[in-house]
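Chains as they are written, first to last, in my numbering: chain A, 1 to 179; chain B, 1001 to 1179. Even glycine gets a Cβ: it sits at the ideal position worked out from N, Cα and C. Inspection log for the structure reproduced underneath, given as C-alpha cells.
Number of protein chains: 2
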Amino acid sequence: MFEISHIILGALVKGPANGYQIRRRINTDFAHFQSVSTGALYPALAKLKARGAVIEVGAPTQSLEQRNFEITDLGRDELRRQVEMSGSGERLKSDFLAAVNFADLAGPDEVERLLEERVGVLNQEIRSLLALPLRDMSNTERFTVRYALAVRRAALEFLRHEGRAIVTAIDIESRKSIS
Amino acid sequence: MFEISHIILGALVKGPANGYQIRRRINTDFAHFQSVSTGALYPALAKLKARGAVIEVGAPTQSLEQRNFEITDLGRDELRRQVEMSGSGERLKSDFLAAVNFADLAGPDEVERLLEERVGVLNQEIRSLLALPLRDMSNTERFTVRYALAVRRAALEFLRHEGRAIVTAIDIESRKSIS
DNA sequence: CCATGCATGTAATCGGTTACATGATTAC
DNA sequence: GTAATCATGTAACCGATTACATGCATGG
Chain A
1 MFEISHIILG
11 ALVKGPANGY
21 QIRRRINTDF
31 AHFQSVSTGA
41 LYPALAKLKA
51 RGAVIEVGAP
61 TQSLEQRNFE
71 ITDLGRDELR
81 RQVEMSGSGE
91 RLKSDFLAAV
101 NFADLAGPDE
111 VERLLEERVG
121 VLNQEIRSLL
131 ALPLRDMSNT
141 ERFTVRYALA
151 VRRAALEFLR
161 HEGRAIVTAI
171 DIESRKSIS
Chain B
1001 MFEISHIILG
1011 ALVKGPANGY
1021 QIRRRINTDF
1031 AHFQSVSTGA
1041 LYPALAKLKA
1051 RGAVIEVGAP
1061 TQSLEQRNFE
1071 ITDLGRDELR
1081 RQVEMSGSGE
1091 RLKSDFLAAV
1101 NFADLAGPDE
1111 VERLLEERVG
1121 VLNQEIRSLL
1131 ALPLRDMSNT
1141 ERFTVRYALA
1151 VRRAALEFLR
1161 HEGRAIVTAI
1171 DIESRKSIS
C-alpha cells in the first residue's frame, strides 16, 4: 500500500519543493488518486528527512521560515521499491453509490438530486484533469490522467443514458405503493 | 459521510440478520462502494443497539451464541436522513494509478505488470458484480451495480486500447536515455 | 486596511484495519 | 479427524482528518 510518504517522494521527483508546494502538487497533479492534509504531510516529511530519504537544502539564511526539500538517491530507491511491490488495487468509498443504494427510503426526488450532483462533481473533476499541464508530464503521468478521464467520462455517459430511466422507475414504484 | 453504522442499517433494511450475515451482505452486495472488518462491525452494531436504531430479536434460548438484529423505525429514520444529507462524492485511493504514475523509476516491465494485474482485478470485480442476484434487487440497488459495471468496463476498454501504447512509449524512452 | 494566499506545525480525534482469542457446526 | 465456515468479540495500532495556533506577504 502506498502511503503518504511515498506520494511525497513522488512529488519531489519533479524537483525540490517546500511543504506547501508538495501539498499543492499532490492535491492538483495527483488529485485523481490521492490527497493530503497538513496534519499528515508535515510529520511524514519530518520522518522522511530523519531517515535520509529527503534532505533539506539551501539557505537557512533566508528570512522566511520557508524550507526546501529534495529527494535523495535513497528516497528514489524507496519509491522504486514501492512501485515494484505495489499491487493494482483501488480502494473506493462512494457516498454517491451508498446514498443511491438506500434511496428507496427517501423517494425519487432524492435520487434525482444525487444524480444531478454527481454529474456536477464529475464535470468538475474532468475540468480539473483537463486543466493539468499535460505537455509537461511524463508518459506514465499522462497515462494516469487519461485513465482517470476515461472512467469519469464513462460514468457521465452512463448517467446521461440511464439516469432518467431510474428516476422514473422509482417514481412509478413509489406511486404504486401509495395506491 | 456515510459511516459503517449507516451501511449496517442499509444491510438490515433487507431483513434481520446476525453480525456475520451483515458482514457478508456488505462485503458482497455493497462491495462496489464499501467494505467492513469485524473490528469495525461489532462495536458499531453495539452502539446502534444502545441508541435504539436496531433491536435484538428472537430467542436467547438458542443454544448458539448467535444473535439476531432487526432495524427499527428509528434506524430507518436515521438512514433516510443520512441519504438526504449525503453528497455525491467518492473517495478513491488508487495504488494502481500511484504506481503507474511513478513507474518511470522502475521501467517498462513494471508498467506492463501493473497493467496486466489491473486487467485481472477489473475482470474479477466485473465477475463478482455479475454474480449478484440482480433480479432480487430494488431499482436503486440494480442501478448502483450497473453504474459500477459501466465504469469498470470503461477502464478495461481503455487499458485494452491504450495499454500497449504506453508500454512501448516508455520502452522507447528508456532506450533513449541509455543511448 | 483587510482578505486571501503562502507557510509551518501540533493536538485531539476519528474511523477503521489487523491480529488475536475463542468456540461451535458442517462437510469431506 | 480435520479443514472450512460460521460466529462473536477485543486490543493494539494506524493512517489520516479537523481544527487550531501562528505569522508573513501580496493585492485589491
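Chain A contact residues for residue i, given Cβ-Cβ distances below 8 Å
i: G1015/B; result: Near G1015/B there are no residues of chain A at all, since even the closest Cβ is about 14 Å away, more than 8 Å.
Closer than 8 Å to chain A by CB, residue i
i: G1052/B; result: no
i: F1069/B; result: no
i: E1112/B; result: no
i: F1002/B; result: yes
i: K1176/B; result: no
Residue i and residue j closer than 8 Å at C-beta
i: G1087/B; j: A1053/B; result: no
i: L1048/B; j: I1022/B; result: no
i: F1102/B; j: G89/A; result: no
i: A1106/B; j: V13/A; result: no
i: A150/A; j: F1158/B; result: yes
i: E1078/B; j: V1057/B; result: no
i: E1112/B; j: V1167/B; result: yes
i: L122/A; j: A155/A; result: yes
i: S5/A; j: A44/A; result: yes
i: F1033/B; j: T1140/B; result: no
i: N18/A; j: Q66/A; result: yes
i: L1134/B; j: R1142/B; result: yes
i: D1104/B; j: S138/A; result: yes
i: L132/A; j: L1092/B; result: no
i: A1025/B; j: A1011/B; result: Reading the sequence as shown, one finds Arg at residue 1025/B and not Ala. Yes; because the gap between Cβ atoms is below 8 Å, this pair is in contact.
i: P1108/B; j: I1170/B; result: yes
i: E162/A; j: R1146/B; result: yes
i: I126/A; j: R160/A; result: no
Closer than 8 Å to chain B by CB, residue i
i: S94/A; result: yes
i: I7/A; result: yes
i: V83/A; result: yes
i: E173/A; result: yes
i: R160/A; result: no
i: T61/A; result: Only weak support exists for where T61/A lies, its pLDDT of 46 falling under 50; the value from the coordinates is given anyway. Not an interface residue.
Enclosing beta strand (DSSP E) for residue i [first to last residue]
i: L1092/B; result: E1090 to S1094
i: E1056/B; result: V1054 to E1056
Opening and closing residue of the alpha helix (DSSP H) in which residue i lies
i: E110/A; result: P108 to L130
i: E84/A; result: D73 to M85
i: R1025/B; result: G1019 to D1029
i: S5/A; result: I4 to V13
i: E1040/B; result: Per the sequence presented here, residue 1040/B reads as Ala, with Glu not at that position. Counting along the chain, the alpha helix (DSSP H) containing A1040/B begins and ends at T1038 to A1050.
Under 7 Å from the C-beta of residue i: neighbouring residues of chain B
i: V121/A; result: S1088 and G1089
i: R80/A; result: L1105 and A1106
i: L12/A; result: Correct list: empty, because the minimum Cβ distance to chain B is about 11 Å.
i: R164/A; result: The contacting residues do not exist; R164/A stays about 12 Å from chain B at best.
Contact set between residue i and chain A, taken where Cβ atoms lie within less than 7 Å
i: A1169/B; result: N139
Within chain A, the residues that residue i reaches when beta carbons sit closer than 9 Å
i: I1055/B; result: The contacting residues do not exist; I1055/B stays about 18 Å from chain A at best.
i: I1126/B; result: Going along chain A, no residue has its Cβ under 9 Å from I1126/B, so there is no contact; the nearest lies around 13 Å.
i: E1065/B; result: Residues of chain A passing the Cβ test: none, with the nearest at roughly 30 Å.
Residue i Cβ short of 7 Å to the ligand NAD heavy atom set
i: A1098/B; result: Of ligands this structure carries none, so the ligand NAD is not represented either.
- Item | Residues from the segment 134–155 of chain A in contact with chain B, defined by Cβ distance under 8 Å | S138, N139, T140, E141, F143, T144, R146, Y147, A148, A150, V151, R153, A154 and A155
- Proximal residues, the segment 86–110 of chain A versus chain B, C-beta separation under 8 Å: S86, G87, S88, G89, E90, R91, L92, K93, S94, D95, F96, L97, A98, A99, V100, N101, F102, A103, D104, L105, A106 and E110
- Message: Closer than 8 Å between beta carbons: that is the criterion. Which residues of the segment 21–41 of chain A meet it against chain B?
- Response: F30, H32, F33 and Q34
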